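S.K.: Quick one: this structure, given as structure tokens, is what I'll be asking you about.
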Amino acid sequence: MREKRSDNVLRIIFNTVRSLAVGLTTGVFITFFANTVNLAGRVNSRYPLLILLIPFGAILTLKIYQKLGDSFRKTTVSAIDTIHEMEDDANEGRLRPGRISPWMGPVAYIAAAISHFTGASVGKEGVGVQIGLAIGELFTKLERKLAWRGHYGREDYYLMTGSAAAFGSLFGSPISGVLFGLMFATPDMLRLDALYPCLVSSYAAVYVAIKLGIHKMEIPDFTELPASLENLMVVIAFASLIGLLARLFLFLLERFRDEVSKKYGSKIFSAFVPGLLVTLFSLIICLFTGAFDYNGLSLELLYRAIDGRGIPLYAFILKALMVFMSISAGFVGGEVVPLLVTGGTFGYTFASLLGLETAPFAVLGAIGMLTGGTNLPLVCFALALELFSYSEPLLLFMTVAVSYLASGSKGIYQHQRIALREKTTR
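Here my numbering is used: the first residue of the sequence shown is 122, the next is one more, and so on.
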């Protein structure tokens, strides 16, 4: 009995040390990455003619991944597959050789920097999570090299803590970071066995990132919708539309990529032509609007939709098209921020056309669109509470629940296990 207690104490100590190491390291690197993206965006805004380099940035990104191998693009997919194998394996997740290289993190960072310096319309969390996963794999390899007792270390814990730390520190939201690490691979299952490691790593990463001055989103203040039966009915209808919009977004994104690869046999042309279209589209938008608001993260569009300064009613369409073309060109960064911006601008349009308050629908639209795109309603619920400071739980939870149900089983994280929903919808 005493040996069992001693073993449990050692397990807690080792998990604490490992999770702190992953969280603190990830927080440092994510801060550097997020501030690089912010700097790239500022440089691009100051020198807008950099968008002329978008086609060449697409080719450079292509060459980088051609040189290193396509597996470097699929860090998140490889991590999800590894976590699934650990969940299925009878060896209880003992350390084994992984298929993720720690070098995937620096490569993804360079590729994302190219995207944002040139002005491609992509996000940042995808690469941020890849950096966290690469750091988790680095500690896995370090532990194996030091020949520590394997049964204390689970490779899936390292990957989950790395992703939790990255997501939490990117958005300054430790709770959603914990839930992301627990659920991003298998939304049907809450991996409570990894709750403690993800909790430690996410909170540690957020703490160090704030102390180091990470650049993060600054959501304007807004008035929430009061909970009432009338508002509940409107929100259910709105969330259904948002879920369907998320489904359409993912479908068109996949079709854009497929059509580009089919149309151009040469990989150079499959990167250059969509990149050229992004440049031309950016110039046309600027000609009519006087700004390049749809390049880069486009967070200003979301802020204007929330604080009442206003945006064009068709802004969500333009932003979605820019994202489709940028990702089809091979640019990397992520889809979370594009989903937030597209959903937020659609929410503004929906409310404007019906004569409703625009700010709360912009926020609910952003969170609903993200839910539909990620298949992670609990993560998005927590993100709304932390990042958007949303305090009315009834309408918020209804938004994430209905948009999740309406969006279908596909999401931005390939190879997710959503078996329960697939069975019930057949």
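Backbone N, C-alpha and C define an ideal beta-carbon position, used for all residues, glycine too.
Since the model is a prediction, treat every value here as computed from it, not as a measurement.
What does a CB cutoff of less than 6 Å around L398 pick up in its chain, not counting 5 residues either side in sequence?
M.R.: So the list reads M446, once near-sequence residues are dropped.
S.K.: CB-CB under 6 Å to L504, same chain, minus the five flanking residues each way: which ones, in chain order?
M.R.: S294 and S297
S.K.: Quick one: grab the DSSP three-state call for R425.
M.R.: helix
S.K.: Rounded C-beta distance between A436 and F370? I'm assuming under 8 Å.
M.R.: Not really, about 14 Å apart at Cβ, beyond 8 Å.
S.K.: Three or more C-beta pairs closer than 8 Å, one from the stretch 239-246 and one from the stretch 339-352: is that the case here?
M.R.: Not touching, per the Cβ criterion.
S.K.: Should K184 be flagged as near chain C, meaning a C-beta pair shorter than 7 Å?
M.R.: The structure shown has no chain C; it contains just one protein chain.
S.K.: Nearest-angstrom Cα distance between N165 and F135?
M.R.: 45 Å
S.K.: Distance check for K531 and A358, CA to CA, integer angstroms please.
M.R.: 21 Å
S.K.: Exposed or buried, which one is N129 when buried takes at least 16 other CB atoms within 10 Å?
M.R.: exposed
S.K.: Could you say which of A392, I363, G364 and L365 lies nearest to F377 if we only look at CA atoms?
M.R.: A392
S.K.: Can you tell me which of V158, L461, D202 and A161 puts its alpha carbon nearest to the alpha carbon of D277?
M.R.: D202
S.K.: Return helix, strand or coil for R538, following the three-state DSSP convention.
M.R.: In this structure, R538 counts as coil in the three-state DSSP scheme.
S.K.: According to DSSP, is R368 part of a helix, a strand, or is it coil?
M.R.: helix
S.K.: What are the uninterrupted segments assigned as alpha helix (DSSP H) that are 4 or more residues long and contained completely in the stretch 435-488, given in chain order?
M.R.: 436-449 and 457-475
S.K.: Excluding the 5 residues preceding and the 5 following T157 in the sequence, name in chain order all residues of the same chain whose CB lies nearer than 7 Å to its CB.
M.R.: A234
S.K.: Shortest alpha-carbon distance to L138 belongs to which of A155, S222 and F260?
M.R.: For clarity, residue 138 is Val in the given sequence; the question names Leu instead. Cα-wise, what sits closest to V138 is F260.
S.K.: Tell me which same chain residues have a C-beta within less than 6 Å of the C-beta of Q535, skipping the five on either side of it?
M.R.: V198
S.K.: From R163 to P169, what distance separates their C-alpha atoms?
M.R.: 10 Å
S.K.: Across the stretch 296-313 and the stretch 511-519, are there enough close Cβ pairs to call them in contact, namely three or more that are closer than 8 Å?
M.R.: no
S.K.: Report the three-state DSSP secondary structure of P223 (helix, strand or coil).
M.R.: coil
S.K.: Drop a sphere of 10 angstroms on the beta-carbon of K332, count the other beta-carbons inside from all chains shown, and report buried for 16 or more, exposed for fewer.
M.R.: exposed
S.K.: Assign G489 to one of two classes, buried (16 or more other C-beta atoms within 10 Å of its C-beta) or exposed (fewer than that).
M.R.: buried
S.K.: Please state the DSSP three-state secondary structure of K245.
M.R.: coil
S.K.: Where do the ends of the alpha helix (DSSP H) carrying L418 lie?
M.R.: Careful: L418 lies outside any alpha helix (DSSP H) and carries neither H nor E.
S.K.: Under a three-way DSSP split, which group does N156 fall into?
M.R.: N156 falls in the helix class under three-state DSSP.
S.K.: Do you know how far the Cα of S322 is from the Cα of V315?
M.R.: It should be pointed out that residue 315 corresponds to Ala in this sequence rather than to Val. Cα-Cα distance, rounded: 11 Å.
S.K.: Decide yes or no for the touch test of the stretch 520-531 against the stretch 328-343: beta carbon pairs closer than 8 Å, at least 3 of them.
M.R.: no
S.K.: Assuming G454 contacts G178 under a Cβ cut-off of 8 Å, what Cβ separation, rounded to an integer in Å, is found between them?
M.R.: Between G178 and G454 the Cβ distance is about 12 Å, and since that is not below 8 Å, they are no contact.
S.K.: Please classify S297: does DSSP put it in a helix, a strand, or coil?
M.R.: S297: helix per DSSP, three-state reduction.
S.K.: When the Cα atoms are used, what is the spatial distance from L373 to E339?
M.R.: 30 Å
S.K.: Return the Cβ separation of I427 and A480 in integer angstroms, given the expectation that the two are a contact with Cβ distance under 8 Å.
M.R.: 5 Å
S.K.: Tell me the DSSP secondary structure of M338 in three-state form.
M.R.: coil
S.K.: Exposed or buried, what is K245 when buried is set at 16 or more other beta-carbons lying within 10 Å of its beta-carbon?
M.R.: So K245 ends up on the buried side.
S.K.: Skipping 5 residues on each side, what residues in its chain have a beta carbon closer than 6 Å to that of I133?
M.R.: none
S.K.: Could you pull the start and end residues of the alpha helix (DSSP H) that L311 belongs to?
M.R.: Element bounds for L311: n/a, residue is neither H nor E.
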